[in-house]
Amino acid sequence: MNIIVITADGHVRCRPDTTWEREDKDIYAPEQVSSYSYSPVLFARISKAGKCIGEKFVDRYYDAVNYGMLLYAATADEPSCEIMDHTSILPFPMYDRCTLSSADNEFRIMTGEDVIYSTAAGPENLIKDALVKASRLVSVRIGDIVAVELAPAAALVSRAGGPETRLRGSFCENPLFDLKIIM
86 MNIIVITADG HVRCRPDTTW EREDKDIYAP EQVSSYSYSP VLFARISKAG KCIGEKFVDR
146 YYDAVNYGML LYAATADEPS CEIMDHTSIL PFPMYDRCTL SSADNEFRIM TGEDVIYSTA
206 AGPENLIKDA LVKASRLVSV RIGDIVAVEL APAAALVSRA GGPETRLRGS FCENPLFDLK
266 IIM
């Protein structure tokens, strides 16, 4: 299973499945990590394998959507490491695609009680365009995830900022994730 990411600047990247945080557990930063930044994402689960998917047929290739976030760790050697374990916070269960059409459905990311990112439900064409673009470069398989960054990576937490930060996310007023990053 791959996590195929369309970055905020339009590049296609792949993250291994070891980056996927499946259990909503706290993240203990390795000693070499000095800080984390984050990027909010809209993602979809692939339900049919394919390559070079045309715009006309893209609806057939994914079945559900949700919001999450990607973490980027900074170390002395790597200013933006994408492949550290447990840095793709992509919560399940997922939502039907029709939830994206209602402006009442809001996605929020909070640190403590402060909202650091929010958006009304995103347009479904973000996922469609991402899947078309990604499938030109890589084959998609059943179970893969295509994620679209909704904003460039922004600073989230650092060792200098304190020992831990609580992160919570919600969509449609339902909790998506609730975890701590412990530095």
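According to the working numbering, the residues represented by the sequence shown are 86 to 268, in order. All C-beta atoms, glycine included, are put in the ideal place defined by N, C-alpha and C. Quick caveat: nothing in here was measured; it's all calculated off a predicted structure.
Closest residue to residue i among the options (Cα-Cα distance)
i	options	result
residue 227	94, 130, 109, 170	130
residue 136	211, 222, 91	222
residue 193	142, 236, 94, 254	254
residue 240	179, 156, 214	156
residue 203	215, 110, 153	153
residue 181	141, 195, 257, 115	257
Within 7 Å, strictly: CB atoms of residue i and residue j
i	j	result
residue 171	residue 106	yes
residue 217	residue 143	yes
residue 163	residue 100	no
residue 236	residue 93	yes
residue 173	residue 104	yes
residue 268	residue 244	yes
Neighbourhood of residue i by C-beta distance below 6 Å, restricted to the same chain and skipping five residues each side
i	result
residue 36	Outside the displayed range of the chain (86 to 268) lies residue 36, so it cannot be described from this structure.
residue 200	193
Cut-off 8 Å between Cβ atoms - residues of its own chain near residue i, not counting five sequence neighbours on either side
i	result
residue 161	117, 119
residue 219	89, 91, 97, 225, 231
Per-residue DSSP class, three states only, for residue i
i	result
residue 186	helix
residue 265	strand
residue 198	coil
residue 135	strand
residue 228	coil
residue 223	coil
residue 246	helix
residue 92	coil
Whole-angstrom distance between residue j and residue i, CA atom to CA atom
i	j	result
residue 262	residue 242	17 Å
residue 124	residue 175	12 Å
residue 190	residue 184	7 Å
residue 259	residue 186	17 Å
residue 145	residue 86	19 Å
residue 109	residue 177	10 Å
residue 209	residue 179	14 Å
residue 238	residue 141	31 Å
residue 196	residue 169	21 Å
Below-7 Å beta-carbon distance, residue i vs any chain B residue
i	result
residue 146	Looking for chain B here will not work: only one protein chain is present.
Sequence-distant residues of its chain with Cβ nearer than 7 Å to residue i (five each side left out)
i	result
residue 212	127, 129, 147, 150, 231, 233
residue 266	112, 114, 121, 242, 249, 250, 252
residue 138	146, 216, 217, 220
Any non-hydrogen atom of the ligand GDP closer than 6 Å to residue i Cβ
i	result
residue 88	The ligand GDP is not part of the structure shown, which contains no ligands of any sort.
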